[in-house]
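Numbering (the working numbering), first residue to last: 108 to 526. Ideal Cβ positions, reconstructed from N, Cα and C, are used throughout, including at glycine. Keep in mind that this is a model prediction, so the values were computed, not measured.
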């Protein structure tokens, strides 16, 4: 039910201003006026039903914005993963790449944040700055570095498979903080549990079952460590080290959603918060780079295409995608936003096969289908919870409107009884 404006009537004249005959006419007119106001308030929906239909359609479209936005973000991340693989093969330093990426994103978003949020930006306190600094460490610097290490020592497909457990970890971490609630007795609660378990099962299948190749190319995947000119470790040692790096990166990435949920409440400006976070991340990465390697040659891209890839990841992945995720965390919560992470592997496979000629195995197909099924259950449960919250909020607004009307009528009757 759309929110209707409150009807307030202020009468400047009183019955003392009239003669006895005029006072009677005034009292009757006052009663008639308040009765008419109450009638229009209660029947306003019946006067223009087309407005109600239009309002319902607009609310339905707005409710789908986070879904569409997260699908676009995951597609952008899938393209980014392909570009990351190319950059690692070319031998670009991980911390240098993160520094360039975060710097480009900061320069790109700064004017947008200044003009878009200049009138709505709240005061930036020390506590908010500390939260944004922590968000930069957890969600940008450390997570990106660990993910790049995982891709280097395992493979891009295996690294993407670890992202499938992000919704599970985020959901489990959100429960103690009260950011998510689950009730086994309700259908939505059972659906969320089924979705989480199904996603976890699909992730395990993607990780441990490779299966026969469905699409096979003659070109094999290049060895990333060898291409980067680094010492090649034994295959088993590389795989364990890369797996540990990816698992730690997944923990940090899940933690970022919870931190961002807290930031969105105290500093609800997606562009400004992303700019500050990327600025802190660029400084952190630059300092770590200078501490580990002071050679100037690592700052020079070996190929021109590498700088194009860095620019894309800075503008889109670290820029627009983080703004979009901050918006979705604010509107739907951290678990809803993290639930779309498994789509990265599915979309990355769609890009890897025709571009980089990666092999597609049966385990990837089966695991992706299971993950998509679990994602559907999880989002269905989240959607039911959101509908329940919206319905309760509308009922509270209707009760407040009814109380306002009753108080207005009482005030009007009191004025009409004045001698």
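For residue i and residue j, what's the separation of their Cα atoms in angstroms?
i, j, result
"residue 453", "residue 492", "27 angstroms"
"residue 291", "residue 205", "42 angstroms"
"residue 483", "residue 346", "31 angstroms"
"residue 506", "residue 498", "12 angstroms"
"residue 486", "residue 171", "12 angstroms"
"residue 233", "residue 240", "10 angstroms"
"residue 259", "residue 496", "44 angstroms"
"residue 210", "residue 216", "10 angstroms"
"residue 223", "residue 415", "27 angstroms"
"residue 457", "residue 320", "15 angstroms"
"residue 301", "residue 294", "11 angstroms"
"residue 404", "residue 203", "11 angstroms"
"residue 395", "residue 503", "52 angstroms"
"residue 408", "residue 357", "28 angstroms"
"residue 494", "residue 296", "14 angstroms"
"residue 354", "residue 316", "18 angstroms"
"residue 437", "residue 201", "31 angstroms"
"residue 418", "residue 373", "31 angstroms"
"residue 311", "residue 267", "12 angstroms"
"residue 247", "residue 348", "21 angstroms"
"residue 350", "residue 289", "31 angstroms"
"residue 226", "residue 468", "52 angstroms"
"residue 431", "residue 413", "25 angstroms"
"residue 474", "residue 273", "15 angstroms"
"residue 489", "residue 445", "12 angstroms"
"residue 472", "residue 235", "43 angstroms"
"residue 433", "residue 387", "17 angstroms"
"residue 214", "residue 194", "22 angstroms"
"residue 410", "residue 192", "14 angstroms"
"residue 384", "residue 397", "20 angstroms"
"residue 271", "residue 231", "35 angstroms"
"residue 328", "residue 237", "Low local confidence applies: a pLDDT of 46 at residue 328 is under 50, so the model's placement there is unreliable, with the coordinate-based value given in what follows. Straight-line Cα distance between these residues: approximately 42 angstroms."
Helix, strand or coil for residue i, going by three-state DSSP, please let me know.
i, result
"residue 109", "Residue placement at residue 109 cannot be trusted, given a pLDDT of 46 that sits under 50; the coordinates are not used to answer."
"residue 274", "helix"
"residue 336", "Caution applies to residue 336, whose pLDDT of 47 falls short of 50 and renders its modelled position unreliable; the value that the coordinates give is listed next. Reduced to three states, the DSSP call for residue 336 is coil."
"residue 173", "helix"
Tell me the residue span of the alpha helix (DSSP H) that contains residue i.
i, result
"residue 205", "201-223"
"residue 259", "250-260"
"residue 284", "Run containing residue 284: none; DSSP gives neither H nor E here."
"residue 231", "Segment: none, residue 231 is in no alpha helix (DSSP H) and carries neither H nor E."
"residue 425", "Segment: none, residue 425 is in no alpha helix (DSSP H) and carries neither H nor E."
"residue 441", "441-445"
"residue 419", "411-419"
"residue 393", "377-399"
Got a sec? Which residues, its chain only, sit under 6 angstroms from residue i by beta carbon, not counting five neighbours each side?
i, result
"residue 423", "183"
"residue 376", "224, 228"
"residue 447", "177, 181"
"residue 429", "381"
"residue 255", "201"
Beta-carbon within less than 7 angstroms of residue i's beta-carbon, same chain only, minus the 5 sequence neighbours each way: which residues are those?
i, result
"residue 305", "477, 480, 481, 484"
"residue 420", "187, 190, 208"
"residue 281", "287, 365, 441, 442"
"residue 278", "287, 303, 442"
"residue 308", "477"
"residue 243", "384, 387, 388, 391"
"residue 379", "220, 224, 228"
Please indicate yes or no: does the CB of residue i lie closer than 7 angstroms to some heavy atom of the ligand ADP?
i, result
"residue 371", "With respect to small molecules bound, the structure shown includes none, and the ligand ADP cannot be examined in it."
Once you ignore the five residues that flank residue i on each side, which residues in its own chain have a CB closer than 8 angstroms to its CB?
i, result
"residue 253", "352, 353, 355, 356, 359"
"residue 261", "345, 346, 349, 350, 353"
"residue 439", "173, 489, 493"
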